[in-house]
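What follows is a short report on a single structure.
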Amino acid sequence: MDEGPPSSAPDRPSAAALPPIVRFAITGVGNSVVGFAVLLFALKLGFTDIAANLTGFAAGLTLGFVANRQWTFAVEGRVSLGEIVRYLTGFALAWSLNIAVVVAGIRAGYAGSPLIHLAGIATYSLAFFFISRSFVFAPRPETSAPQDWLGESIVVPAAALLMLVMRHLPLTHDVIWQLWISRQMLGGVELYSQINEINPPLWFWMAMPLHRIAAALALPAPTILVWFILLLALASALLVGRIGRFEGPRERAFAMVMTLVIGLFTSLYDFGQREQILLIGAIPYALLIAARIRGERPPALLAATIGLLAAPGFALKHYFVLAPLGLEVLLLWHLRRAWRPLRVETLVLALLGGAYALAVFTLAPAFLAVIVPMVKAAYFGFETPVWMWFDEPIQAFWLLILLALVASGAHRQFRARPEFQVFALAALAFLAAYFLQRKGWQYHAVPVSGMLLMLLASLGFAHGQRLADLKARPLVCLVIAMYLSFSFLERPYDNEREPFVGRYIDQAPAGSAVLIMASNPMWGWPAVEHRHRVWASRYGALWMLPAFGRARTDHTETPALLALEQTVRQENYVDMACAAPGLILIENHEPNFLTRPINFDTLAFFSQDKPFRDYLAANYRLIDKGFYLRAYLRKTAIAAHRPPGCRSVVPPFGTE
Numbered sequence: 060m061d062e063g064p065p066s067s068a069p070d071r072p073s074a075a076a077l078p079p080i081v082r083f084a085i086t087g088v089g090n091s092v093v094g095f096a097v098l099l100f101a102l103k104l105g106f107t108d109i110a111a112n113l114t115g116f117a118a119g120l121t122l123g124f125v126a127n128r129q130w131t132f133a134v135e136g137r138v139s140l141g142e143i144v145r146y147l148t149g150f151a152l153a154w155s156l157n158i159a160v161v162v163a164g165i166r167a168g169y170a171g172s173p174l175i176h177l178a179g180i181a182t183y184s185l186a187f188f189f190i191s192r193s194f195v196f197a198p199r200p201e202t203s204a205p206q207d208w209l210g211e212s213i214v215v216p217a218a219a220l221l222m223l224v225m226r227h228l229p230l231t232h233d234v235i236w237q238l239w240i241s242r243q244m245l246g247g248v249e250l251y252s253q254i255n256e257i258n259p260p261l262w263f264w265m266a267m268p269l270h271r272i273a274a275a276l277a278l279p280a281p282t283i284l285v286w287f288i289l290l291l292a293l294a295s296a297l298l299v300g301r302i303g304r305f306e307g308p309r310e311r312a313f314a315m316v317m318t319l320v321i322g323l324f325t326s327l328y329d330f331g332q333r334e335q336i337l338l339i340g341a342i343p344y345a346l347l348i349a350a351r352i353r354g355e356r357p358p359a360l361l362a363a364t365i366g367l368l369a370a371p372g373f374a375l376k377h378y379f380v381l382a383p384l385g386l387e388v389l390l391l392w393h394l395r396r397a398w399r400p401l402r403v404e405t406l407v408l409a410l411l412g413g414a415y416a417l418a419v420f421t422l423a424p425a426f427l428a429v430i431v432p433m434v435k436a437a438y439f440g441f442e443t444p445v446w447m448w449f450d451e452p453i454q455a456f457w458l459l460i461l462l463a464l465v466a467s468g469a470h471r472q473f474r475a476r477p478e479f480q481v482f483a484l485a486a487l488a489f490l491a492a493y494f495l496q497r498k499g500w501q502y503h504a505v506p507v508s509g510m511l512l513m514l515l516a517s518l519g520f521a522h523g524q525r526l527a528d529l530k531a532r533p534l535v536c537l538v539i540a541m542y543l544s545f546s547f548l549e550r551p552y553d554n555e556r557e558p559f560v561g562r563y564i565d566q567a568p569a570g571s572a573v574l575i576m577a578s579n580p581m582w583g584w585p586a587v588e589h590r591h592r593v594w595a596s597r598y599g600a601l602w603m604l605p606a607f608g609r610a611r612t613d614h615t616e617t618p619a620l621l622a623l624e625q626t627v628r629q630e631n632y633v634d635m636a637c638a639a640p641g642l643i644l645i646e647n648h649e650p651n652f653l654t655r656p657i658n659f660d661t662l663a664f665f666s667q668d669k670p671f672r673d674y675l676a677a678n679y680r681l682i683d684k685g686f687y688l689r690a691y692l693r694k695t696a697i698a699a700h701r702p703p704g705c706r707s708v709v710p711p712f713g714t715e
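Start counting the sequence shown at 60; every next residue gets the next number (the numbering used here).
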């Protein structure tokens, strides 16, 4: 007898029919369970909170990629390198938000608690879903070829290799001072009231989480800072690949490679300076404005990300806002009535700028109350004649770049190439900032040089330009190669004073404090940190001494300057008495940065105050009176108790 058709249960929705966010949540729960189990196990093994958090997420990373690609977003075809790069980038962004939540929990007093990690996981999961849907696994045009991701396949491995090769890159005295200040702030010392620093706080706030990461990974903070700059440059290159309009994959790859190279190596000597951070963020921002000029409407997420990368750089110095303002004027000139000031990127800049201004008023009021009046009174001592602004090879390269542009006929294409316009205008804005700072220091020139190099390079990648167009201009190629070769020939930072001053520092007992009374920071930095001694002064350098010397010679002393002289002498004595340094070095000639001889004796200046004079005579012996420095070694035992009101000093970490 024939059997009837088999009976079946009522229809139920298959797992594949669930909404993507539900599938992502199910996958996320599975990954979270696995990751959280690994995290707890890591905590049991004694890992730090940050290290355990990283281990847990790493355990589920591969599983998450496979599950979300195959099931959550149902991506067909073979896995591409572009997907992997986008997935890792999206993971890094979401994980950064997770780490911010974890760090906030640690600072709130919940270190070691699983609850802060649960909160971080929730934040990470929500952010990663939207990033995955709109960026990682978003549908791609069917015409997309594997070569479209040629740029990523070059810059991502290159950045990874550079992280290995450059992990011990020497950093300038300014950058080591930045790390020292941020370390003191993490130890509870107040910037501006207990540390005298003339720059706004953002640069130092940016370095604080780098110290946290360095401590969690047991790595030197300078290494983490180098990696941070590398990741910024990589992000800049990836964004350029997204915002630019290119004639083909080779042109796109060339633009990304040049962004990475110029962002990192415009001045290898000054690696990590604020101007480098500015340049890295400004390159994709300039191309975003070029896209607006062409009438394009970039995705909101892309515009916001570019704004986020550029905003910190523009805020590091008030001079730097000339660039976004100038680019906005250029956009207005092109669009006229179609111009809209409220766009995603301008809102990001405005919101972050407003938040930063509020933070300065509330978290660093002493910057406005103490430092700004001090700078107004004495910073003129650092200003140099105009001829000294053009006495380095960099300025000769500027002229060569302009000549190469004219000789190649590129100037005749400016009207048709928005990329040319935005890079040229940004270079002019940064040149104005260079002039306004009135010093001619070469790291001030980095963004000018970088934008001019991008202008030259854009002859090979701007919309309507092909790489062959650049190859047909050998003079332009030669100038680019010459500049980058010069940067490498200049080599990384090398303080020629360090061996000289190091022989004095080595005579101070290990772990003791060192007080260096000099106007040039290169006498003390980074030698004191490298030799694991404690910096005794609240000043990175006595930058006001040139102004004191000039004013005395010219008989132009003001009441504010005379009051500052007394303050500096008093604070120097307090630092000396509190730190009881094992070594004191005193500048034995006129302060540096002066362009004419001035009869200014640093020791005589401080010896006007009897407490300083008596303390030095009672506790120290002169061991050397050289042309450059007087060296004093402590001859008495350090008192068991410090004077009241002394600030704490966080010594160098063992890995520094």
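Glycine included, each C-beta is placed from N, C-alpha and C at the ideal position.
According to the Cβ coordinates, are R597 and D634 closer than 7 Å?
yes
Cβ-heavy atom distance, M510 to the ligand MG, below 6 Å:
Looking for the ligand MG in the displayed structure turns up nothing, as the structure carries no ligands at all.
Have a look at the DSSP bridge pairing and note the partners of M576.
I645
Excluding sequence positions up to five away, which residues of its chain have a Cβ less than 8 Å from the Cβ of Q629?
D668
Considering only residues of the same chain and omitting the five flanking positions on each side of G500, which have a CB-CB separation below 6 Å?
This sequence places Trp at residue 500; Gly is not what is there. For W500, where only same-chain residues beyond five positions count, there are no Cβ hits under 6 Å.
Every unbroken alpha helix (DSSP H) inside the stretch 416–493 [4 residues or more]:
431–437, 452–466
Identify the continuous beta strand (DSSP E) that holds K669 and give its terminal residues.
Where K669 is concerned, there is no enclosing beta strand (DSSP E), although the alpha helix (DSSP H) it sits in stretches over 669–678.
Give me the Cβ distance between S295 and G322, rounded to the nearest whole Å; I'm assuming they're in contact under 8 Å.
5 Å
Taking a contact to mean a Cβ-Cβ separation below 7 Å, would you say M510 touches A485 in this structure?
yes
CA-to-CA distance, R242 to I645, given in whole angstroms
26 Å
State buried or exposed for E135, treating a residue as buried only when at least 16 other CB atoms are found within 10 Å of its CB.
exposed
Here's the rule: buried if 16 or more other CB atoms are within 10 angstroms of the residue's CB, otherwise exposed. What is A663?
exposed
If you follow the beta strand (DSSP E) that R689 is part of, which residue opens it and which one closes it?
688–693
Under 7 Å between C-beta atoms of A423 and P260:
yes
Identity of the residue in D673, G168, R590 nearest I235 by Cα
R590
Tell me which residues share the same chain as S467 and place their Cβ nearer than 8 Å to its Cβ, disregarding the 5 neighbours each side in the sequence.
L518, R532, L534, V535
Exposure label - T231; buried when at least 16 CB within 10 Å
buried
Measuring only the C-alpha atoms, how far is S666 from W239?
28 Å
Roughly how many angstroms lie between the CA atoms of L381 and E387, to the nearest whole one?
10 Å
Thinking G340 and L368 are a contact (beta carbons under 8 Å), I'd like their distance in whole angstroms, please.
5 Å
Within 10 angstroms of the Cβ of A314, are there 16 or more other Cβ atoms? Answer buried if so, exposed if not.
buried
Please work out which residues of its chain come closer than 6 Å, Cβ to Cβ, to R226, disregarding the five sequence neighbours upstream and downstream, and give them in chain order.
T282
Leaving aside the five residues before and after M222 along the sequence, list all residues of the same chain whose C-beta is less than 7 Å from its C-beta, in chain order.
W286, L289
Helix, strand or coil: which one does DSSP assign to I342?
helix
K153 versus A436 - alpha carbon distance
Looking at the sequence provided, one finds Ala at residue 153 rather than Lys. Taking the straight line joining both Cα atoms gives about 46 Å.
With H, G and I counted as helix, E and B as strand and the rest as coil, what does DSSP make of Q206?
The predicted position of Q206 is uncertain, since its pLDDT is 48 and thus under 50; no value can be drawn from it.
According to DSSP, is I109 helix, strand or coil?
helix
Within the same chain, show all residues whose beta-carbon is closer than 7 Å to that of R82, passing over the 5 residues directly before and after it, in chain order.
W130, T131
Closest Cα partner of T626 within the set M603, A638, N647, D613
M603
Roughly how many whole angstroms lie between the Cα atoms of A275 and L113?
10 Å
Is the distance from the Cβ of A567 to the Cβ of V573 below 7 Å?
yes
For the pair the stretch 77–93 and the stretch 248–263, tell me if three or more CB-CB distances fall below 8 Å.
no
Rounded to whole angstroms, what is the Cα-Cα separation between L293 and W264?
22 Å
Quick check: the Cα distance between L360 and W594, rounded to an integer number of angstroms?
45 Å
Is it a yes or a no for the stretch 402–420 touching the stretch 346–364, going by three-plus beta-carbon pairs under 8 Å?
yes
Decide if T318 is buried, meaning its Cβ has at least 16 other Cβ atoms within 10 Å, or exposed.
buried
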